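Residue numbers (the numbering used here): 509 to 777.
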């Protein structure tokens with residue numbers, strides 16, 4: 509791969525579903541990459557063109573021009589599609605930096621699929637990357653040069669937290685950060701329903717719930733306080749909060765969360 513000037517990489521997305529689109533949104537909004545230097549390709553041409561028009565990036569006609577123009581290729585397709593997509597372009601990918609965002613695809617998997625010597629790394633991003641408040645789980649084993657891993661960190665670090673994880677911890681870390689937003693959204697929706705039941709309008713309820721979740725998360729990050737201590741700090745003897753917590757415990761709140769993660773991980777208990 510040719511030497512890349514610091515702060516400059518052209519990026520091509522092979523696949524442009526919700527997660528690929530979220531990454532591209534974040535990169536454009538963060539001004540980490542010029543929109544003129546982002547290319548995308550997907551089977552659904554109408555949807556692809558609409559999304560590219562929003563971001564003012566290029567909708568590629570085929571893989572050949574996308575790969576030719578890009579320094580960094582983001583594999584943003586389903587895991588079962590990876591081998592078929594890579595097979596005809598293996599030689600060309602050897603001259604690029606390859607980033608996978610396909611769930612369950614690790615360094616060892618790509619070592620078997622890509623040509624020997626190809627620079628590649630595995631990511632698991634979440635949807636909040638679209639607003640530069642995301643999490644990207646990064647497998648700590650990769651084949652990027654020191655220069656290129658630094659450049660990749662600079663670019664994608666603009667989208668939020670880069671959390672490096674071992675191959676063993678990669679799946680569970682990705683489940684917490686990737687599936688967690690759906691569970692948090694369901695909790696937020698439930699708070700909204702409870703608020704409406706008790707006389708508050710839904711729009712206000714959702715705004716309060718969203719800010720509460722964001723603020724609580726930021727409090728944890730800034731103070732590094734234990735979640736149990738944060739919980740206890742809100743509870744007074746005989747107060748409303750502890751009564752609500754007792755109701756959550758009685759209805760298996762903790763168990764439900766743990767079972768949700770186990771289910772997402774493919775475990776049966």
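All C-beta atoms, glycine included, are put in the ideal place defined by N, C-alpha and C. Computed from a predicted structure; not experimentally measured.
Identity of the residue in 529, 772, 534 and 583 nearest residue 690 by Cα = 772
Is residue 694 buried or exposed, if buried means 16 or more other CB atoms sit within 10 Å of its CB?
-> Counting every other CB atom within 10 Å of its CB across the protein chains shown gives residue 694 a total below 16, marking it as exposed.
Any chance you could list the beta strand (DSSP E) runs of at least 3 consecutive residues sitting entirely within the segment 519-544, in chain order?
-> With a minimum length of 3 residues, the continuous beta strand (DSSP E) runs that stay inside the segment 519-544 are 519-522.
With residue 547 as the anchor, note down where its alpha helix (DSSP H) starts and where it stops.
-> Residue 547 -> not in any alpha helix (DSSP H); beta strand (DSSP E) instead, spanning 546-549.
From 769, 598, 648 and 577, pick the residue whose C-alpha is nearest to that of residue 517; which is it?
-> 577
Let me know the secondary structure DSSP gives residue 671 once reduced to three states.
-> strand
The segment 532-543 in contact with the segment 626-639 per 3-pair CB rule at 8 Å = The answer is yes - the segment 626-639 touches the segment 532-543, with three or more Cβ pairs under 8 Å.
Return the Cβ separation of residue 629 and residue 646 in integer angstroms, given the expectation that the two are a contact with Cβ distance under 8 Å.
-> 7 Å
Distance, Cα to Cα, residue 711 vs residue 724?
-> 20 Å
Measuring alpha carbon to alpha carbon, tell me which of 685, 544, 554 and 667 ends up nearest residue 525.
-> It is 554.
Since residue 650 is in the beta strand (DSSP E), which residue starts that stretch and which ends it?
-> Per DSSP, residue 650 belongs to no beta strand (DSSP E) and is neither H nor E.
Determine which residues share a DSSP beta bridge with residue 627 and list them.
-> 605
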